[in-house]
Amino acid sequence: MPQTESHDEDLDLAELAAAAQTADPESQPLPATLLLVDSDADNLALLADTLRSEGCRLLTAEGGGAALALMNEQEIDLVMANARMPDMGGIDLLNRIQQGWPHCLRILLDSQSDLNAIVRAINEGHIYSFIGIPWKAEELCLTLRQALAHQQTESERKRLETLTREQNRELSELNASLEQRVEARSQELEQISAMLDAAYEELERSQVTAMRVFSSLINLRLPSRLQTNAQVDALVRAYCAAHDLDEELKLDLLMAAALYNLGRVSWNDHMLTTPSQRLFAEDQKTYQLYPEIGESLLMALDHLKALPESCVITASGGTAGAIPTSWSGKPSPSGLGCWAWPWTSLNSNAG
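Using this note's numbering, read the sequence shown as starting at 480 and increasing by one per residue.
Here is the structure:
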């Protein structure tokens, strides 16, 4: 077997120094490694001298067996082999390299333009190019540059494909995770909404309870003949049932009915104990204004401000009615006028 000889050829030292000063060495790609195979040492040396200026790292092998040994030891980018060698033909060598190292580009050199050999090299060795011997230096160098450029493009394509698959996988995982987070957040918001609804309902119940306590305290201040809250409450409930009012309006009316006597808390003992027909003119004016006084007192409480805006029960000149202020200038619900007679009766009996 011919003696194996390997030569590591580097870029010119001056060029390497200049490159090191202008660029980060870690960002620069390594020079391509080229393996030249020929059983003739003179041809091998001539081939190496021709390609030395291309800036590749050059390795040489005098025969197919030596070439395969180097393939096992080194990372080779391109193999350029003579088709006619005694120990192993170039076509057989490139065929074995294609099977063991498919990423490595293969170029066949042949001194004879044998069409059958070329077809066999293409089919079995999957060669990148065929170059006749003797070669032209310009053609040889151009073929080498094109082969390495093709290899770099193919390597970049594979890298981008791998990157795209990885990014798609990560995106799928993120989408799945996002859907889970959105679902968890939606459930959390639903729970919060349910808790807020329950808290709001509890607040409404608390307000109703507070209004009833407040109404009871007002009744303690009034003489028994003026304690008509129970009758007014019954009247409001009957009206709401008859007209199928919604719960919100019904609640406002009931709370307004519970507090309609609020303005009378400001009366002095004389007004509380004297029937309205016997009051002095000045007291008569105060008597007629007690609904507005109650409204102004409610306005001082933030959570009760909606009551005077929703419904104010008024009395004036011995007659009375229920006048929801939010309906001012607009048609009232049907049947509101039916409150006049029972309210007048209550008001007259109360004095």
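For glycine and all other residues, C-beta sits at the position ideal for the given N, C-alpha and C. Values in this document were obtained by computation on a predicted structure and should not be read as measured data.
Contacting residues, own chain, Cβ-Cβ under 6 Å from SER590 (five flanking each side not counted): For SER590, same chain residues with a beta-carbon under 6 Å away, outside a window of 5 residues either side, are ILE612 in chain order.
Closest by C-alpha distance to GLN578, when choosing among HIS605, ALA520, GLU658, LEU557: Selected option, being the one with the closest Cα: HIS605.
Stretch-stretch touch, CB-based, cutoff 8 Å, three pairs: the segment 749-765 with the segment 701-710: The segment 749-765 vs the segment 701-710: in contact.
Span separating the alpha-carbon of GLU771 from that of PHE693: Going by the C-alpha atoms only, they are around 18 Å apart.
Counterpart residues of ILE586 in DSSP-defined beta bridges: In DSSP, ILE586 forms a bridge with MET559, SER608.
Span of the alpha helix (DSSP H) around ARG684: Here the alpha helix (DSSP H) through ARG684 covers 616-700.
Cβ neighbours of HIS629 in the same chain (closer than 8 Å, five flanking residues each side left out): Within the same chain, HIS629 has close Cβ partners LEU584, TYR607.
Integer-rounded CB distance, given that LEU557 should sit under 8 Å from ILE450: Missing from the structure shown is residue 450; the chain here goes from 480 to 830 and no further.
ARG536 - containing alpha helix (DSSP H), residue span: Here ARG536 belongs to no alpha helix (DSSP H); instead the beta strand (DSSP E) covers 536-540.
Spatial neighbours of VAL687 in its chain, beta-carbon cut-off 8 Å, leaving aside the 5 residues before and after: If we look at VAL687 and ignore the five residues flanking it on each side, its Cβ neighbours are LEU730, LEU733, MET734.
Continuous beta strand (DSSP E) stretch holding THR753: start and end: No beta strand (DSSP E) contains THR753, which DSSP labels as neither H nor E.
Between the CA atoms of LEU696 and ARG684 - distance to the nearest angstrom: For ARG684 and LEU696, the distance between alpha carbons rounds to 18 Å.
With 16 other Cβ atoms within 10 Å as the buried cut-off, status of SER656: SER656 is exposed by the Cβ-count criterion.
Helix, strand or coil at VAL598 according to DSSP, with G and I counted as helix: Helix at VAL598.
Within 8 Å, strictly: CB atoms of LEU621 and GLU533: Not in contact: LEU621 and GLU533 (Cβ atoms no closer than 8 Å).
Start and end residues, alpha helix (DSSP H) containing VAL711: Counting along the chain, the alpha helix (DSSP H) containing VAL711 begins and ends at 708-722.
Whole-angstrom distance between THR539 and LEU588, CA atom to CA atom: Per the coordinates, the alpha-carbon of LEU588 lies some 15 Å from the alpha-carbon of THR539.
Residues bridged to THR512 [DSSP beta-bridge criterion]: ARG536.
Range of the contiguous alpha helix (DSSP H) that encloses TYR766: Annotation: the continuous alpha helix (DSSP H) that includes TYR766 extends over 760-767.
Beta-carbon separation (whole angstroms), MET559 vs GLY543, contact threshold 8 Å: About 13 Å; that fails the 8 Å criterion.
Rounded distance between the beta-carbons of VAL715 and ALA689, thought under 8 Å: 18 Å between Cβ atoms; not a contact.
C-beta contact flag for THR529 and ALA616 at 8 Å: Pairing THR529 with ALA616 gives a Cβ-Cβ distance under 8 Å.
Of the residues ASN747, ARG743, LEU758, the one placed nearest GLU774, counting alpha carbons only: Closest by alpha carbon: ARG743.
Residue burial classification, ASP487 (beta-carbon count within 10 angstroms, cutoff 16): Note on ASP487: pLDDT 42, under 50, position unreliable in the model; no value is reported.
Length of the line joining the Cα atoms of LEU525 and GLU541: LEU525 and GLU541: Cα-Cα distance of roughly 13 Å.
PRO613 (DSSP reduced to helix, strand or coil): The DSSP-derived three-state label of PRO613 is coil.
Proximity below 8 Å, CB of LEU537 to CB of ARG531: Pairing LEU537 with ARG531 gives a Cβ-Cβ distance under 8 Å.
C-beta atoms of TYR766 and LEU776 nearer than 8 Å: Between TYR766 and LEU776, the C-beta spacing is not below 8 Å.
Opening and closing residue of the alpha helix (DSSP H) in which GLU727 lies: Residues 726-737.
Reference ASN747; option with closest CA among GLN763, TYR739, LEU738: Here the closest residue by C-alpha is GLN763.
Backbone CA spacing between GLU618 and LEU627 [nearest angstrom]: Using only the alpha carbons, I get a separation of about 14 Å.
Secondary structure of MET567, DSSP reduced to three states: The answer is coil: DSSP assigns MET567 none of H, G, I, E or B.
Expected contact under 8 Å - CB spacing of ASN574 and ASP517 to nearest Å: About 17 Å separates the two Cβ atoms, so there is no contact after all.
Test item: CB-CB of ALA527 and LEU509 under 8 Å: No, the Cβ-Cβ distance between ALA527 and LEU509 is not below 8 Å.
Pair within 8 Å by beta-carbon distance, GLN706 and ASN698: Their beta carbons are under 8 Å apart, which means GLN706 touches ASN698 by this criterion.
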